[in-house]
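Residue numbers (the working numbering): 203 to 730. Glycine included, each C-beta is placed from N, C-alpha and C at the ideal position.
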């Protein structure tokens, strides 16, 4: 049995971050990945010759700059390509809204629908920045335990309270963002439906919720909290696809001495007398270590890789109660030409400039609510909400010359269907998504060379995401901060000594951020 200081289960981006920091600190690290490629859901795969697809995660902004700097990811090939404009929302009446880092362009575009909103948008963004200044320091902190009265814990709670008080008049707004619904906030700030639609789609990404439901304001905020090359709130494409992040992380980890093995599915975490002693692979191979960190979610880690009898009964019951509700479906497409949107034909815009960012397709907020109503009763949305990207417009390395790759992130596709299963309906649902896009860009369907449809069930099978939930657990208030993944276990440690969680199941949650892995590595190094 080969011995290591620590074994990481899963080579997703957080697992690789943990591995790199631990290896940099001199630990002997082994990373074991089930699939034949590193990256987890942050991966690039050549699905068709010459077409390099970001199979799951598709844009980035949240990767912490501290990680990029500490691990010198640029030296290992990581490059983030900014998108400007960053958002294109066409409407059925032939109008459209473009938004992005160009403040004057955004002001002119919003003013087409409301001069009042054009004036309000900078104030709204400034408010979000002030709240981000409060939230951001917590991302790379281990949450305090509100049930502990130790001096360090009380001091941490006091620091949080002081930071909150410094928000002043923004305090009530911060509370609403952390706990409330996106739609009432947008309704208060803006009058034009068009602007609210363009903003509201970020509030439901990966969530089994409509914009009028509590918790969606935080999902909206979560997606405006990052940065691209130092510009806050801006998103970019990773050169070579999202796998460019995880290949750089793997390279950095190896440079510090970590060993990474693919095609090595862990079947069991080995324990003895309440402490970890290693892992066993599906083929029976065993590796010894006094510490194991799992990049898998809590359900997989505690209910599949361990026996329930090895854990406290109340803990197992709590794990079974974690909310993995999700309603997302991903479609990856190879195109012979770019979609030609009717709305921009006579606009005078630079050719294809509107295709650099995210394309939002939802005619109204009520349309979004109706789409959710279908999912609420176990039906795929009859009229789904589409968020599309075409990274090859910015990054020519991901498709053959003259060809393109396109991504659809679709809401709502509930994991649990009322009638039948996803394998029998996903292609019909994808056809409906294509029909909708074709209404805006009539050449789209004939430009399709091939496609891959990943239902919530496929996301679970392929990437180990329980319930197809892209965040390893819903990003709702009962599952955030010191409640993530469970009350009393937000410090990345499990009830078994030497066992840790390092994936998005932990604080601060989902998105390609790396903060979960960063925080877990720090806590692991604190334990002797």
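Item: Beta-carbon within less than 6 Å of residue 659's beta-carbon, same chain only, minus the 5 sequence neighbours each way: which residues are those?; Value: 624
Item: In chain order, which alpha helix (DSSP H) runs of at least 4 residues are fully inside the region 424-466?; Value: 445-457
Item: From 296, 260, 256, pick the residue whose C-alpha is nearest to that of residue 547; which is it?; Value: 296
Item: Could you please give the first and the last residue of the uninterrupted alpha helix (DSSP H) stretch that includes residue 353?; Value: 353-367
Item: Return yes when the Cβ of residue 413 is within less than 8 Å of the Cβ of residue 407, no when it is not.; Value: no
Item: Between the beta-carbon of residue 426 and the beta-carbon of residue 404, is there less than 8 Å?; Value: yes
Item: Provide the residue span of the alpha helix (DSSP H) that contains residue 642, from first to last.; Value: 624-642
Item: Return the Cβ separation of residue 716 and residue 269 in integer angstroms, given the expectation that the two are a contact with Cβ distance under 8 Å.; Value: 5 Å
Item: Assign residue 654 to one of three DSSP states: helix, strand, or coil.; Value: strand
Item: Here's a check: name, in chain order, each residue in its chain whose Cβ is nearer than 7 Å to the Cβ of residue 484, leaving out the five neighbours to either side.; Value: 467, 469
Item: What's the gap between the Cα of residue 542 and the Cα of residue 393?; Value: 30 Å
Item: Cα separation between residue 673 and residue 711?; Value: 6 Å
Item: Can you tell me where the beta strand (DSSP E) with residue 548 in it begins and where it stops?; Value: Run containing residue 548: none; DSSP gives neither H nor E here.
Item: Starting from residue 578, trace the alpha helix (DSSP H) both ways and give me its first and last residue.; Value: 567-578
Item: Suppose you measure from the CA of residue 567 to the CA of residue 574; what does that come to, to the nearest Å?; Value: 11 Å
Item: Let me see if you follow: with CB-CB separation under 8 Å, is residue 291 close to chain C or not?; Value: No chain C appears in this structure, which consists of one protein chain only.
Item: Assuming the contact rule is C-beta atoms closer than 8 Å, residue 694 and residue 344 should be a hit. Round their C-beta distance to whole Å, please.; Value: 7 Å
Item: Does the beta-carbon of residue 591 have 16 or more other beta-carbons within 10 angstroms, so that it is buried, or is it exposed?; Value: buried
Item: Taking the alpha carbon of residue 522 as the point to measure from, which residue in 645, 605, 555, 687 has its own alpha carbon closest?; Value: 687
Item: Contact defined as beta carbons within less than 8 Å: I believe residue 285 pairs with residue 438. What is the distance between those atoms, to the nearest angstrom?; Value: 6 Å
Item: Reducing DSSP to helix, strand and coil, say where residue 398 ends up.; Value: helix
Item: Okay, do the region 224-236 and the region 248-255 touch, 3+ Cβ pairs below 8 Å being the bar?; Value: no
Item: Could you tell me whether the Cβ atoms of residue 610 and residue 533 are closer together than 8 Å?; Value: yes
Item: Can you tell me whether DSSP reads residue 387 as helix, strand or coil?; Value: helix
Item: Suppose only complete runs of 4+ residues qualify. What are the alpha helix (DSSP H) ranges in the region 501-561, listed by chain order?; Value: 515-522
Item: Can you have a look at residue 351 and say buried or exposed, based on whether 16 or more other CB atoms are within 10 angstroms of its CB?; Value: exposed
Item: Quick check on DSSP: helix, strand or coil for residue 257?; Value: coil
Item: Could you round the C-beta distance between residue 383 and residue 419 to whole angstroms and report it? I think they count as a contact, below 8 Å.; Value: 6 Å
Item: Whose C-beta lies closer than 6 Å to the C-beta of residue 564 among residues of the same chain, with five residues either side of it excluded?; Value: 399, 570, 587
Item: Quick one: grab the DSSP three-state call for residue 709.; Value: coil
Item: So residue 615 and residue 531 are in contact, right, with Cβ under 8 Å, and what is the actual spacing, rounded?; Value: 4 Å
Item: Can you tell me which of 602, 536, 416 puts its alpha carbon nearest to the alpha carbon of residue 654?; Value: 536
Item: Any idea what DSSP makes of residue 206, helix, strand or coil?; Value: strand
Item: Per DSSP, residue 223 is paired with what?; Value: Its beta-bridge partners do not exist; DSSP assigns none.
Item: Should residue 707 and residue 675 be called a contact, given that it needs their Cβ atoms to be closer than 8 Å?; Value: yes
Item: Starting from the C-beta of residue 640, find all residues in its chain whose C-beta is less than 8 Å away, skip the five residues before and the five after it, and write them out in chain order.; Value: 646, 647
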